[in-house]
Amino acid sequence: MNFVKAHGHEDPRIQALELQLALREYEIRLLKETADALTGELNLDRLLALVTDRARELIQAETVLIPILDESCQTYTYRAGSGKHSEEIIGETLPLEFGICGWVWRNHRAWWRGVLEDLAPEERNRWEHEAGTLIMVPLFGKKHFLGGIAGMNKRGGETFDQRDLDLLTMFGSQVSIAIENAVTFEALEAEKHRAEQYQEELHSLNQELVAVNADLEHMALYDSLTGLANRYLVQDRLQQAIFHAEREGESLAILVVDLDRFKDLNDTLGHNVGDQLLKEVGIRFQNKLRHADTIGRLGGDEYAVLLPRAGVETATLVVEHLLQALQFPVELESGSYVVSASIGIALYPEHGDDMQSLLRRADVAMYVAKRANQDWFLYDPQQDEHTPRHLALMADLHGALERGQMQLHYQPILDLASDRIIGVEALMRWQHPEQGAIAPDLFIPALEQSGLIRRFTAWLLDEAIRQCAAWQDMGLELGMAVNLSMYNLRDSQLPAQLAMLQKRWKPPVGGLMMEVTESAVMNDPHHVSDVLDTLTAWGIRFSIDDFGTGYSSLSHLKRLPVSELKIDKSFVKDMTRDRDDEAIVRSTIDLAHNMGLRVVAEGVESAEVLERLRELGCDAVQGYYIARPMPARDFLSFLEGSPWGVCRRKP
Ligand code: C2E
Ligand code: MG
Ligand code: MG
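Per the working numbering, numbering of the sequence shown is gapless, rising by one per residue and ending at 1766.
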């Protein structure tokens, strides 16, 4: 025992007392030194290293270990150790229930040989043989269990005794606050580190956000395909330009530019080609404009051009430049494409003084240009279908069916081989109480846009199929042709509706002909072809209406189960006077026949045209020359008075 000062007293009792006293002094010094050393030490590892060294000396243990409760409170970890084998144990983590440490935690008391007497016999047996070699005191913080100080194997082969327990307990209570502080400090440091990390992450996230925001802003204002301003930015610029023009007493022009037949082109050649065209056209237009002008893409194949300080002369000059930009075909890898456009012009302040109405009016002008087959058109209120009068009319359309204002007129179709009326085409009529008869060209588009077309077509099919069956009951063999719009072909209920009507009215088999236009078919060829297949299987036939006015070619139609072509009246009406028209009619008839299709010519207004069509081999004709569309009640007297026969079933 090197720490005991030898006093050299003779009397052995005094010697023993002196020794005890020296030991006490030493212990007190050690405790005090420890307390001093620990003051202000917040580094847990350094602190624990110090504690284990001192504790080992204090209780003369071979090894001292310090298990510390982990943050989760489910496990403890040997955080520090000193002496034999300690290196192997440091860092090990064990469940809280486990081992002596678990016992100490559960019982809230120190472990040493003395506790054996308090244990149940079973537990005593379990621990007995190592009891004397182990000692462990709990470390309690201000609020909870922190862990403990454990001593193993008293030096010199002795066992830990009551005195060791007292010393270690005292030592433990002295160091526990310092350990708790250091543990808390360590947790705080970890927290701080985490917070700093969060801060860093937040910072980099923030930077990303700024970048994304910039992208979003660009996306919000510019068209991703062409890089031109989008509708929103065009509207905003127009608004600003109007404010400016208002203040300065200036004018401005807004143009809406729409590419012609772009949709067909897109459908036939694919979106990739369509997209490239839109980009190229955007670039060409931009090159024709001044710096102060804005060009944007409103969507689809529609562009807008804002011309500040422009009147009608400047606007028309720019329009000419834009049209010149399309003079040369667009060369793409897949081929070279001729593009044309229709342009509508609206001027501030003549045509409107707010952004919405100016844009809408430029749009109206563009439609007028398109319909009139003109390159451009300056807005004219006379042509505006969006006037209050027109809108009121459209509102009336909603109740037209319920009010019994809709009627079907039937126009006969004459077979040229037999000179007999073989069928009729059902055409919708709207008898408006104030405006009189309104032509379908005016209200069908409105029905389509408003979605009413389904309800109106359902009514039409019921009416027409019933009529067809009624004529059949009278012994007249007449086919019934009805017009379907693109929206009807997209209506998933159409086949079920037709099946129901056929069952209900039992029209003659093969008596129904559905007229669809090229554009309606080409709009969604795959879906339409499915619908056509289904209905064809039920004996319903299909005809391509207004043939020649669309963009697609016969080769596209070849794949569809179509049995007839109706040549548009615009080619037929004047064919005996217009050589081009006649050539178109002739070649259409030949091509159709080569494909096994029947040909009906519509718009036959004279005997001359009828005879010419007969010569060209046309199968059937329809037109004012034979008869105008008429209500069903007039049809029988028409048949009686007409020079043509009709197929009658033999009674
Ligand atoms: P469409 O299917 O091509 O119908 C033929 C149109 O040509 C009818 O016009 C008819 O009156 C007219 N027409 C007939 N013969 C002659 C003629 O010799 N000369 C001239 N100039 N025209 C003639 P309508 O009835 O005004 O119908 C116009 C279009 O409205 C129809 O063209 C059709 O596309 C559509 N339509 C009519 N009824 C319906 C319907 O119930 N549903 C749908 N979706 N569209 C319909
Ligand atoms: Mg038709
Ligand atoms: Mg037609």
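Yeah, the Cβ is synthetic: ideal placement off N, Cα and C, and Gly gets one too.
- Distances from the CA of N1381 to each of F1275, P1640, V1420 and S1607 were compared; the closest alpha carbon is that of P1640.
- Secondary structure remark: continuous alpha helix (DSSP H) runs of at least 4 residues inside the region 1478–1525, in chain order: 1503–1515.
- For T1149, there is no enclosing beta strand (DSSP E); the enclosing alpha helix (DSSP H) covers residues P1127 to L1153.
- Beta-bridge pairing by DSSP links Q1737 to E1717.
- At the C-beta level, Y1193 and L1180 come within 7 angstroms of one another.
- In terms of CA proximity to L1441, K1394 leads the group K1394, H1406, A1407 and L1473.
- By a beta-carbon distance limit of 8 angstroms, L1374 contacts V1396. Their separation comes to about 7 angstroms.
- DSSP places G1271 in the helix class (H, G or I) of the three-state scheme.
- Under the criterion of beta carbons closer than 8 angstroms, V1349 and T1409 qualify as touching, at roughly 6 angstroms.
- G1459 is positioned such that its CB atom lies no closer than 7 angstroms to that of A1425.
- Shown here, K1681 sits in a strand according to DSSP, grouped into three states.
- By the 16-neighbour rule on beta-carbons within 10 angstroms, S1291 is buried.
- As for any beta strand (DSSP E) of minimum length 3 sitting wholly inside the region 1258–1328, the runs are 1260–1269, ordered along the chain.
- The beta carbon of R1171 is closer than 6 angstroms to those of V1179, S1197 and G1198 in its chain, skipping five residues each way along the sequence.
- Within its own chain, the residues whose Cβ lies closer than 8 angstroms to the Cβ of Q1189, once the five positions on either side in sequence are excluded, are P1210 and L1211, listed in chain order.
- Closest in alpha carbon position to S1607, among V1636, P1236, C1762 and D1645, is D1645.
- Excluding its 5 nearest sequence neighbours in each direction, K1257 has C-beta neighbours in its own chain below 7 angstroms: E1295, listed in chain order.
- At a cut-off of 4 residues, the continuous stretches assigned as alpha helix (DSSP H) that sit fully inside the region 1386–1457 are 1386–1402 and 1427–1440.
- P1744 sits away from H1466, with the two beta carbons spaced by 7 angstroms or more.
- The continuous beta strand (DSSP E) containing R1544 extends over residues R1535 to H1547.
- The DSSP-derived three-state label of R1570 is helix.
- Residue environment: W1653 is assigned as exposed (fewer than 16 neighbouring CB atoms within 10 Å of its CB, all protein chains considered).
- Ranking R1228, A1235, A1487 and Q1391 by CA distance to the CA of G1247 puts R1228 first.
- At least 7 angstroms separates the beta-carbon of I1205 from that of L1283.
- DSSP places D1660 in no alpha helix (DSSP H) but in the uninterrupted beta strand (DSSP E) bounded by R1656 to F1662.
- If one requires a minimum length of 4 residues, the alpha helix (DSSP H) runs lying completely within the region 1591–1667 are 1601–1605, 1609–1620, 1633–1638 and 1640–1652, in chain order.
- Distance from the Cα of K1378 is smallest, within the candidate group S1455, S1366, L1432 and E1363, for S1455.
- Judged by DSSP secondary structure, I1174 falls within the alpha helix (DSSP H) whose first and last residues are L1159 to I1174.
- M1615 has its alpha-carbon roughly 22 angstroms from the corresponding atom of E1517.
- In this structure, G1266 sits near A1176, with a CB-CB distance shorter than 7 angstroms.
- Between E1630 and N1598, the CB-CB gap stays under 7 angstroms.
- In the three-state scheme derived from DSSP, where H, G and I count as helix and E and B as strand, G1760 is classed as strand.
- Excluding sequence positions up to five before and after A1707, its CB lies within less than 7 angstroms of the CB of L1680 and V1714, all in the same chain and listed in chain order.
- Where I1250 is concerned, the enclosing beta strand (DSSP E) starts and stops at L1249 to F1255.
- Relative to R1169, the option among N1158, D1749 and A1152 whose CA is nearest is A1152.
- Of R1701, S1752 and L1712, the smallest CA-CA separation from E1730 is found for R1701.
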